[in-house]
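Chemist: Going by this note's numbering, the first residue of the sequence shown is number 2, and it counts up by one from there.
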Amino acid sequence: HHITDLQLRVPISITAESRELQVVLQGDAVQISSRVHVCKEASGDGGDGRKHAWVEHSTARLARSGTAPYQHRHSIAAIRQRIPSLLSSSFAKEHLSRVGVSGMAFPWCVREHLGGHEEMLVQVDMPGDTNTLSGDAQSWAPLIDAATSISSCILSKNTTMCIVSGIDTVIFVSQGTPPKTGYLLIERRPEEEPQRVDVEILGVDGTRLCRLEGMQFTDLGAVSYTGPRVDPLLYRLAWVRPSLRETPLPMDNVILISADAHSIRYLQELTSRRLNVCHVSSVLELEDRIRDVPLRSNTVVLYVPGRVREIRDVAGTAHAVVCETANILSTLMHSGTTAKLFVLLNGVHKPRCLGQVAYHSLYGFSRVAASEHPELWGGLIDHEGPAFPFLAFQCVQEESVIRVEDGQPHVARMAS
């Protein structure tokens, strides 16, 4: 079995929160993503209930081919003669600790470490007590974790933390159970940037069990992708119909913030539904009237940005609408209200003029606001036509961005 073009994008955050994991296989392409798990107790109207966005951690391609060309037995004695320098068995963990790695994902340990800056032979061992290992005994994860961690030591002159950002090919030669004790044969590819190494996992008799070709290391502070192709930087979103609230969002009071004359139609629709509507033109007016406006339960705050009148105003408007939204959010936060803030756009996802580009910055702002202030952020609704999007407004469980197409709400999901 082969894994090719393995790209490691975002490490999984190790926190106290449980995470949901999904593995998506489409043809020969595989993608691994996770998100913070929302327990059922928190999913009711009284809890947070927010379904967090999926974070893509890695992508790869799978291939099935024979392993005969890769079957080989190395002479451990010959390798020892070729690499005579004996290093401390604590060399790897001391190097990792020096660059900021405080712990290992699996409890492997180094029994012997030979090598220099071009080639290394490392004997690794798993604990004798199998109860200390979590997971499947058939898993290669502990040995591969040791391989990826120790391999960075061949770059030991580099005092910055380097992480594995990609592997060209992973070949599983052995079909048996991974050994508890084995060797890592690590070879540095000379004169390659980004820096790459090849690693072989060997049995105690030198038999090749697994080979990792073209393991790429990247400085943690550097740009995560520096390759010539733009494909790894592109993501495809699918806009799908979301599940709707069984109980619509309570909305007795609406604070409409807008200086746009076109927002008068929203004011009329909201008033026709016998809602208590307060209209202010800006966040400054909201601050002046903060004691008078109905910032109480069942209140929503609706911000409708003004329109771009001339093309030369696009950049300035993009900056202004984000600042206005941030200031509204800040005002609500300091007022102690539980009112939800929504931003209402019209047709930005199907722009008819260049001026609508100014509002695309609010898409990104909305995702950040939903993450940092979920208790106040209601969402961004980008709808079509003149009618107020009541269905999306009241019946979509808290999503950061909602598009309304043909009268129906849609939300973004990562597509493989």
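Note that CB positions come from ideal geometry on N, CA and C, so glycine has one too.
Quantities reported herein were computed from a predicted structural model and do not represent experimental measurements.
What does the alpha-carbon distance come out to for the pair I164 and D146?
Modeler: As a working note, residue 164 is residue 163 in the sequence shown. As a working note, residue 146 is residue 145 in the sequence shown. Between the alpha carbons of I164 and D146 lies a gap of roughly 12 angstroms.
Chemist: Report yes if the CB atom of P180 is closer than 7 angstroms to the CB atom of W141, and no otherwise.
Modeler: Residue mapping note: residue 180 aligns to position 179 of the sequence shown, counting from 1. Residue mapping note: residue 141 aligns to position 140 of the sequence shown, counting from 1. No, these two residues do not count as a Cβ contact at 7 angstroms.
Chemist: For the 8 angstroms Cβ check, are there 3 or more pairs between the stretch 268 to 279 and the stretch 304 to 315?
Modeler: no
Chemist: T326 and F366 look like a contact to me (Cβ under 8 angstroms); what is the Cβ gap, rounded to whole Å?
Modeler: Position 325 of the sequence shown holds residue 326. Position 365 of the sequence shown holds residue 366. The C-beta distance from T326 to F366 rounds to 6 angstroms, short enough to meet the 8 angstroms contact threshold.
Chemist: With the cut-off set at 7 angstroms, would you say V305 and S362 are in Cβ contact?
Modeler: Mapped onto the sequence shown, residue 305 falls at position 304. Mapped onto the sequence shown, residue 362 falls at position 361. Cβ distance not < 7 angstroms, so V305 and S362 don't count as in contact.
Chemist: Does the separation of the CB atoms of H75 and G207 fall below 7 angstroms?
Modeler: Residue 75 sits at position 74 when you count from the first residue of the sequence shown. Residue 207 sits at position 206 when you count from the first residue of the sequence shown. Yes, the Cβ-Cβ distance between H75 and G207 is below 7 angstroms.
Chemist: State the start and end residues of the unbroken beta strand (DSSP E) segment that holds E325.
Modeler: Translated into positions along the sequence shown, residue 325 becomes position 324. No beta strand (DSSP E) contains E325, which is instead part of the alpha helix (DSSP H) from 315 to 336.
Chemist: Taking Cβ to Cβ, would you say P375 is nearer than 7 angstroms to H384?
Modeler: Counted from its first residue, the sequence shown places residue 375 at position 374. Counted from its first residue, the sequence shown places residue 384 at position 383. It is not a contact, given that the beta carbons lie outside the stated cut-off.
Chemist: Find out if the Cβ-Cβ distance for the pair G183, I202 is shorter than 7 angstroms.
Modeler: In the sequence shown, the residue the question calls residue 183 occupies position 182. In the sequence shown, the residue the question calls residue 202 occupies position 201. Going by C-beta atoms, G183 is nearer than 7 angstroms to I202.
Chemist: Expressed to the nearest angstrom, what Euclidean distance is found between the alpha-carbon atoms of G116 and T68?
Modeler: Taking the first residue of the sequence shown as position 1, residue 116 is located at position 115. Taking the first residue of the sequence shown as position 1, residue 68 is located at position 67. Looking at the two C-alpha atoms, the distance is approximately 28 angstroms.
Chemist: Considering Cα atoms alone, identify which of A370, F343, V255 is closest to L276.
Modeler: As a working mapping, residue 276 is identified with position 275 in the sequence shown. Out of A370, F343, V255, V255 has the C-alpha closest to the C-alpha of L276.
Chemist: Quick test of your reading: R404 and H350, contact by CB under 8 angstroms. State the CB separation rounded to the nearest angstrom.
Modeler: Here residue 404 refers to the residue found at position 403 of the sequence shown. Here residue 350 refers to the residue found at position 349 of the sequence shown. Right, the Cβ-Cβ distance comes to about 5 angstroms (below 8 angstroms), so this counts as a contact.
Chemist: Please report the Cβ distance between Q217 and S283, rounded to the nearest whole angstrom; I am assuming they are in contact, meaning their Cβ atoms lie under 8 angstroms.
Modeler: For the purposes of this step, residue 217 is taken as the residue at position 216 of the sequence shown. For the purposes of this step, residue 283 is taken as the residue at position 282 of the sequence shown. Contact doesn't hold; Cβ gap of about 50 angstroms is too wide.
Chemist: For the beta strand (DSSP E) containing L268, list its first residue and its last residue.
Modeler: What you label residue 268 is simply residue 267 of the sequence shown in a count that begins at 1. Run containing L268: none in the beta strand (DSSP E); it sits in the alpha helix (DSSP H), 265 to 273.
Chemist: Compare the beta carbon distance of R209 and H73 with 7 angstroms and say whether it is the shorter of the two.
Modeler: Taking the sequence shown and counting its residues from 1, the one referred to as residue 209 is at position 208. Taking the sequence shown and counting its residues from 1, the one referred to as residue 73 is at position 72. Yes.
Chemist: If you reduce the DSSP assignment to three classes, tell me which class G167 lands in.
Modeler: For the purposes of this step, residue 167 is taken as residue 166 along the sequence shown, with counting starting at 1. Annotated three-state conformation of G167 is strand, per DSSP.
Chemist: Counting C-beta neighbours from all protein chains within 10 Å, is the total for Q176 16 or more, i.e. buried, or is it exposed?
Modeler: Translated into the one-based positions of the sequence shown, residue 176 becomes position 175. Exposed, because fewer than 16 other Cβ atoms sit within 10 Å of the Cβ of Q176.
Chemist: Could you have a look at L381 and say whether DSSP puts it in helix, strand or coil?
Modeler: Residue 381 sits at position 380 when you count from the first residue of the sequence shown. Strand at L381.
Chemist: With DSSP as the reference, identify every bridge partner of Y184, one or two as the case may be.
Modeler: As a working note, residue 184 is residue 183 in the sequence shown. Y184 pairs with Q124, L203.
Chemist: At the level of alpha carbons, what is the spacing between E400 and V174?
Modeler: Here residue 400 corresponds to residue number 399 of the sequence shown, with the count starting at 1. Here residue 174 corresponds to residue number 173 of the sequence shown, with the count starting at 1. Distance between the alpha carbons of E400 and V174: 45 angstroms.
Chemist: Identify, in the order they occur along the chain, each residue of the same chain with its Cβ nearer than 6 angstroms to the Cβ of L199, setting aside the five sequence neighbours on each side.
Modeler: Numbered from its first residue, the sequence shown carries residue 199 at position 198. A quick correction: the sequence has Asp, not Leu, at residue 199. Hits under 6 angstroms: E188, E214.
Chemist: Is any beta-carbon of chain B found at less than 7 angstroms from that of V301?
Modeler: The structure shown contains no chain B; it is built from a single protein chain.
Chemist: Going by other Cβ atoms of all chains shown within 10 Å of its Cβ, with 16 needed for buried, is G408 buried or exposed?
Modeler: Within the sequence shown, the letter at position 407 stands for residue 408. G408 comes out exposed.
Chemist: Kindly indicate which three-state DSSP category G356 falls into: helix, strand or coil?
Modeler: As a working mapping, residue 356 is identified with position 355 in the sequence shown. Looking at G356 - three-state DSSP - the assignment turns out to be helix.
Chemist: With a threshold of 6 angstroms on Cβ separation, who are the neighbours of V458 within its own chain once the five nearest residues in sequence on each side are excluded?
Modeler: Only positions 2 to 417 of the chain appear in this structure, which leaves residue 458 out of reach.
Chemist: Name, in chain order, the residues that DSSP records as bridge partners for S98.
Modeler: For the purposes of this step, residue 98 is taken as residue 97 along the sequence shown, with counting starting at 1. In DSSP, S98 forms no bridge with anything.
Chemist: Please tell me whether N328 and P251 are closer than 7 angstroms, where the distance is taken between their beta carbons.
Modeler: The residue given as residue 328 occupies position 327 in the sequence shown. The residue given as residue 251 occupies position 250 in the sequence shown. Not closer than 7 angstroms, so no.
Chemist: If we ignore side chains and look at the alpha-carbon of each, how far apart do L156 and V111 end up?
Modeler: The residue you call residue 156 lines up with position 155 of the sequence shown. The residue you call residue 111 lines up with position 110 of the sequence shown. Distance between the alpha carbons of L156 and V111: 18 angstroms.
Chemist: In three-state terms, what does DSSP make of E311?
Modeler: The count along the sequence shown starts at 1 and reaches residue 311 at position 310. Residue state, collapsed to three classes: coil.
Chemist: I13 lies in the alpha helix (DSSP H); which residues open and close that run?
Modeler: Within the sequence shown, numbered from 1, the residue matching residue 13 stands at position 12. No alpha helix (DSSP H) holds I13; DSSP gives it neither H nor E.
Chemist: If we ignore side chains and look at the alpha-carbon of each, how far apart do L257 and V369 end up?
Modeler: As a working note, residue 257 is residue 256 in the sequence shown. As a working note, residue 369 is residue 368 in the sequence shown. Roughly 22 angstroms separates the two Cα atoms.
Chemist: When the Cα atoms are used, what is the spatial distance from S273 to N347?
Modeler: Along the sequence shown, one-based indexing puts residue 273 at 272. Along the sequence shown, one-based indexing puts residue 347 at 346. Distance between the alpha carbons of S273 and N347: 21 angstroms.
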